[in-house]
Amino acid sequence: MTPREPFFDEPHRALASLVRAFGDKYLRASGPDETDPDGRTRELVRRLADAHILEWAVPPPYGSMDLRGLVAVREGLAYFSSLADTAFAMQGLGSYPLSKAGSDVQRNRWLPEVARGSVICGFAVTEPEAGSDLAAIRTRATREGSIFRLRGVKTFISNAGLAGLYTVLARTGEGDGHDGLSMFLVDADAPGLGIKPLEAMAPHPLGEIRFEETPAVLLGEEGKGYNLALATLETFRASVGAAACGLAARALDEALRWTQVRRQFGRPLSEFQATQMALAEMHVELEAARALVRHAAWLRDQGEPRIPKEAAAAKLYATEAAQRVVDRALQLHGGQGLMRGSTPERLYREVRALRIYEGTSEIQKLVIARHLLKESR
Ligand SMILES: Cc1cc2nc3c(=O)[nH]c(=O)nc-3n(C[C@H](O)[C@H](O)[C@H](O)COP(=O)(O)OP(=O)(O)OC[C@H]3O[C@@H](n4cnc5c(N)ncnc54)[C@H](O)[C@@H]3O)c2cc1C
């Protein structure tokens with residue numbers, strides 16, 4: 118028998134079922150996501166840990182993470198709730214620099230807690246003047262004995278104010294560019310750390326962080342922070358595509374249901390060929406996105422150390438396709454799809470951020486083209 122999930126092994130299929138059951142039980146009602154994203158995120162992290170899903174955000178020996186696990190969880194959670202997807206993903210993204218470059222002491226101190234959900238993580242890279250162009254980072258880290266002190270501002274940071282632990286990219290070297298950047302661990306209780314909440318169009322725990330002589334501990338080697346940030350983003354990029362697939366799958370299911378119950382001109386919408394064309398195209402876009410996402414994850418799990426082009430292609434295609442699928446689902450719902458509280462309306466707001474965070478669609482295209490040109494030389 119051909120397995121329904123061709124790039125997955127048995128543990129990933131079992132994980133996908135576990136996440137579906139979790140979603141059915143805890144995430145069907147979307148109300149709490151909208152009214153209190155911060156409180157809801159705290160609750161979701163706890164529940165994900167209790168359900169043994171959160172451990173898939175952290176690599177062994179502290180957790181069970183591989184890339185197919187990441188994509189299985191993110192697609193499954195995003196189907197029900199973007200906030201649940203973010204709660205899971207940020208535990209992984211925020212702690213990955215520590216998993217990859219931390220000392221044994223640093224990892225033993227934090228990673229068991231991250232996998233258990235008793236500490237929430239944030240990944241602070243973006244600044245007001247440094248979004249797509251990370252070489253423009255200005256937050257400065259100055260050495261003071263065995264620690265450093267940070268001064269600067271990070272913005273659009275997921276889990277700002279909720280996190281107990283941040284990984285932060287800051288400048289240690291002289292001059293501009295990537296070479297002088299280093300990665301740091303910052304305890305959220307450290308003095309000199311201020312938070313300003315930000316509100317996005319869809320519920321998302323988001324804020325600005327201001328560092329004023331905040332103590333920070335170097336992660337890995339000085340001057341290697343940019344590479345560490347890129348390795349982190351590359352590892353999680355395909356999984357953003359997976360979250361997009363979850364939103365698109367939900368949109369398609371909603372469209373399939375609605376077009377069979379809504380009647381116009383004496384028959385269900387699903388009997389019009391125009392509707393059938395739309396449904397078929399939505400399905401094909403979703404399956405194409407899934408294939409790119411799972412292929413990228415599978416490649417990395419087979420031992421391919423770097424997958425920059427494949428991860429960028431997966432994120433680019435899946436997030437753009439999901440936007441189109443969600444938009445079509447809303448269109449098929451007519452006015453009902455625009456109503457506050459309807460699922461198409463929620464998906465429409467939630468899907469938009471995915472084409473921007475962790476590298477915009479334009480930046481993914483630049484990454485893909487750079488690799489194509491290098492390979493053709
Ligand atoms: C919901 C949300 C959560 C986020 N969470 C985090 C987080 O946890 N941690 C974190 O560090 N950051 C986070 N971000 C920030 C995010 O990664 C940045 O918003 C993103 O990298 C884009 O940067 P920017 O917003 O400054 O846009 P800009 O870089 O100013 O880009 C603006 C536009 O110009 C385009 N552009 C830029 N350069 C080029 C170029 N060379 N060629 C062609 N087009 C170009 C972009 O594609 C975009 O369309 C989050 C953002 C959002 C929306």
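With our numbering applied, the sequence shown corresponds to residues 118 to 494, in that order.
For each residue, glycine too, the CB sits at the ideal point set by N, CA and C.
Item, Value
"Helix, strand or coil at G209 according to DSSP, with G and I counted as helix", "helix"
"Cβ pair S478, E437 closer than 9 Å", "yes"
"Cutoff 9 Å: I424 Cβ touching any chain D Cβ", "Protein chains in the displayed structure number just one, and chain D is not present."
"Where the beta strand (DSSP E) through G324 begins and ends", "L323 to L336"
"Test item: CB-CB of I312 and T272 under 9 Å", "no"
"E261 versus E330, D221, K426 and S199, residue with shortest Cα-Cα distance", "E330"
"L447 versus A287: straight-line alpha-carbon distance, rounded", "42 Å"
"Continuous alpha helix (DSSP H) assignments of at least 4 residues falling wholly in the stretch 420-485", "425-450 and 460-468"
"V236 to A280 span [Cα, whole Å]", "7 Å"
"Between the CA atoms of T284 and V222 - distance to the nearest angstrom", "16 Å"
"Bridge partners - V285, DSSP secondary structure assignment", "A241 and F301"
"Length of the line joining the Cα atoms of L161 and L200", "8 Å"
"Cβ-Cβ distance between I170 and F205 below 9 Å", "yes"
"Beta carbon of G342 nearer than 9 Å to that of M399", "no"
"Contained beta strand (DSSP E) runs [length at least 3] in the stretch 334-376, N- to C-terminal order", "none"
"Cβ-based burial, L483 [other Cβ within 10 Å; buried from 16]", "exposed"
"Buried/exposed call for V242, threshold 16 Cβ in 10 Å", "buried"
"Between the CA atoms of V136 and T119 - distance to the nearest angstrom", "Confidence at T119 is low in this model, with a pLDDT of 45, below 50, so its placement is unreliable and no value can be given for it."
"For A395, the nearest candidate out of D306, L323, F382 and D444 (CA to CA)", "D444"
"CA-to-CA distance, F197 to S134, given in whole angstroms", "14 Å"
"D250: CB within 8 Å of a non-hydrogen atom of ligand 1", "yes"
"Through-space distance from S387 to L373, alpha-carbon basis", "8 Å"
"Reduced DSSP category for P314 - H, G, I as helix; E, B as strand; rest coil", "strand"
"Other residues of its chain near Q453: CB distance less than 7 Å, five sequence neighbours each side excluded", "S459"
"Environment of T256 [buried if 16+ CB atoms lie within 10 Å]", "buried"
"Continuous beta strand (DSSP E) stretch holding R494: start and end", "Unbroken run through R494: none, as it is neither H nor E."
"Cβ-Cβ distance between F353 and L187 below 9 Å", "yes"
"Alpha-carbon spacing of R159 relative to G383, whole angstroms", "48 Å"
"Any non-hydrogen atom of ligand 1 within 8 Å of E351 CB", "no"
"Check: H321 C-beta below 8 Å from any heavy atom of ligand 1", "yes"
"Any non-hydrogen atom of ligand 1 closer than 8 Å to Y474 Cβ", "yes"
"Cβ contact check for the stretch 178-194 and the stretch 120-128: 3 or more pairs under 8 Å", "yes"
"Burial state of N276 (16 or more Cβ within 10 Å)", "buried"
"Expected contact under 8 Å - CB spacing of K432 and G358 to nearest Å", "5 Å"
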